[in-house]
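Asks: Here you go, one structure.
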Amino acid sequence: MKKLFWVLAASAGMLVAQEKGAEAPRANPTDTVRVIEVKQADPYALQRTLSGVLGGLASVNATPGALVVRGSGEAVSVIEAAIKKLDVPPAPTPENRPAPNVELTVHLLYASAQEDPTATVPQDLDGTVRQLRSLFPYKGYRVLDTLVIRSRSGRETVTNGTLPGSDSSYDFRFRPEVAAGPVPRIVRLGSLQLSVKMRSYPDPADKTRYQFLDSGIRTELDAREGQKTVVGKSNVSGTDDAIILVVSPKVIE
Numbered sequence: 015m016k017k018l019f020w021v022l023a024a025s026a027g028m029l030v031a032q033e034k035g036a037e038a039p040r041a042n043p044t045d046t047v048r049v050i051e052v053k054q055a056d057p058y059a060l061q062r063t064l065s066g067v068l069g070g071l072a073s074v075n076a077t078p079g080a081l082v083v084r085g086s087g088e089a090v091s092v093i094e095a096a097i098k099k100l101d102v103p104p105a106p107t108p109e110n111r112p113a114p115n116v117e118l119t120v121h122l123l124y125a126s127a128q129e130d131p132t133a134t135v136p137q138d139l140d141g142t143v144r145q146l147r148s149l150f151p152y153k154g155y156r157v158l159d160t161l162v163i164r165s166r167s168g169r170e171t172v173t174n175g176t177l178p179g180s181d182s183s184y185d186f187r188f189r190p191e192v193a194a195g196p197v198p199r200i201v202r203l204g205s206l207q208l209s210v211k212m213r214s215y216p217d218p219a220d221k222t223r224y225q226f227l228d229s230g231i232r233t234e235l236d237a238r239e240g241q242k243t244v245v246g247k248s249n250v251s252g253t254d255d256a257i258i259l260v261v262s263p264k265v266i267e
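Numbering of the sequence shown is given in the working numbering, commencing with residue 15 and proceeding in unit increments.
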């Protein structure tokens, strides 16, 4: 690109030297006027660039989607060739670069104080559960639900629903921010909040009498993409059990 500017400037200098009294472009019946389409670049930015190089060689005026060039036929041809090479998309900047998407995988684990022979977890959570067993005294772990939520960096996202096979409900929200840096990147999870209401029946034979057992987590944290992060645990009210929140972010450009 710099080489192009030097070539253009040199061409402009030679053409100006050939035209006596060309300090400023003047209307001339023999002038060539050409409308040159600009498909990708900003025509107004191109006008400023070319005007700074051309001096009085020719006039360049910007319109939406095109440049209007007036001058000698030779000068207009030189400028047209330059415009075709400069007509490229603007380089991305922090201001115009679109925010990346974040895909967040959320595991809701139920940790029970009593042994549960039927409780199992998927193989990809085995390592996480082993770490949890070394930290907490719970005897059984099972997955209540797994959520996959996609959001744009900087946007608050909310999802809610019913836990599979139950009358229990959840509400989950977060605001991801992708931090600048090498891959794997850090994703800041702001305003992260989990609320779970589990319906419990004191008498399993009587479905008309029930109560809600609440559990919730509210925090902010940094999580590395592709890595499972234990956010925290929340005791289920009225029991010795707990709900454990595990998240794993993935940045999608």
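Every residue gets a Cβ at the ideal spot worked out from N, C-alpha and C, and that includes glycine.
1. Who are the near neighbours of GLY240 in its chain, counting only those whose CB is closer than 6 Å to its CB and skipping five residues on each side?
2. Could I get the ranges of all uninterrupted beta strand (DSSP E) runs contained in the stretch 124 to 211, with 3 residues as the minimum, in chain order?
3. Would you call LEU81 buried or exposed, if buried means 16 or more other Cβ atoms sit within 10 Å of its Cβ?
4. Check PRO57 in the structure and name its three-state DSSP category.
5. Alpha carbon to alpha carbon, what distance is there between ILE231 and ALA59?
6. Three-state secondary structure (DSSP) at ARG223?
7. Which whole-angstrom value describes the C-beta separation of VAL244 and THR119, a residue pair presumed to lie in contact below a C-beta threshold of 8 Å?
8. From VAL83, SER167, PRO57 and PRO114, pick the residue whose C-alpha is nearest to that of GLU267; which is it?
9. Where does SER65 fall in DSSP's three states?
10. Kindly confirm or deny that the stretch 92 to 102 and the stretch 127 to 146 touch, where touching means at least three C-beta pairs closer than 8 Å.
11. For the alpha helix (DSSP H) that GLU94 lies in, which residues bound it at each end?
12. Is DSSP giving SER214 helix, strand or coil here?
13. Secondary structure at ALA237, three-state DSSP: helix, strand or coil?
14. Counting only the same chain and skipping the five closest in sequence on each side, list residues whose C-beta sits under 7 Å from that of GLY79.
15. Between ALA125 and LEU259, what straight-line distance do the alpha-carbon atoms span, to the nearest angstrom?
16. Using 8 Å as the Cβ pair cut-off and three pairs as the minimum, do the stretch 209 to 219 and the stretch 177 to 194 touch?
17. Quick check: the Cα distance between GLY168 and VAL201, rounded to an integer number of angstroms?
18. Shortest alpha-carbon distance to PHE150 belongs to which of ILE257, VAL261 and VAL265?
19. Assuming VAL74 and GLN61 form a contact by the criterion Cβ under 8 Å, report the distance between their Cβ atoms to the nearest whole angstrom.
20. Look at the Cβ atom of LEU177, then the Cβ atom of TYR155, and state whether they are nearer than 8 Å.
21. Let me make sure I understand the geometry here. Which of ARG84, PHE188, VAL157 and GLU234 has the alpha-carbon closest to that of SER180?
Replies: Quick look at the numbers:
1. PRO198
2. 154 to 166, 171 to 176 and 183 to 192
3. buried
4. helix
5. 51 Å
6. coil
7. VAL244 to THR119, Cβ: 13 Å. No contact.
8. PRO114
9. helix
10. no
11. 87 to 100
12. strand
13. Strand at ALA237.
14. Apart from the 5 residues on each side of it in sequence, GLY79 sits with its Cβ closer than 7 Å to the Cβ of GLU51, VAL52 and PRO57 in its chain, given in chain order.
15. 11 Å
16. yes
17. 11 Å
18. ILE257
19. About 5 Å separates the beta carbons of VAL74 and GLN61, which is inside the 8 Å limit, making them a contact pair.
20. no
21. VAL157
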